[in-house]
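Shown next, in structure tokens, is the structure this report addresses.
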Amino acid sequence: YLEERWWRGEVTWYGKSGVASDALLYRATVVLTVGGTAYAINLLAMAAFPKKQN
């Protein structure tokens with residue numbers, strides 16, 4: 001039923017309402033994605049170049 005409505009264009013995959021919360025959700029998603037990527041690259045760099053022990 002839902003797939004039939006989607007093919008007719010009655011249902012979208014996301015609720016795009018055009019209000020400020022859409023922009024906030026988008027920006028939060030971008031920040032989390034970029035931050036998570038930077039954190040993962042940082043951890044990989046730390047693992048690739050371990051500190052010398054005294």
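Each residue of the sequence shown is one higher than the last, beginning at 1 in UniProt numbering.
All C-beta atoms in this analysis are idealised placements derived from N, C-alpha and C, irrespective of residue type, glycine included.
Check: In whole angstroms, what separates the C-alpha of arginine 5 from that of alanine 40?
Finding: 40 Å
Notebook entry, point to check: Along the chain, where does the alpha helix (DSSP H) that runs through glycine 35 open and close?
Noted result: 20-48
Notebook entry, point to check: Does DSSP put arginine 5 in a helix, in a strand, or in coil?
Noted result: helix
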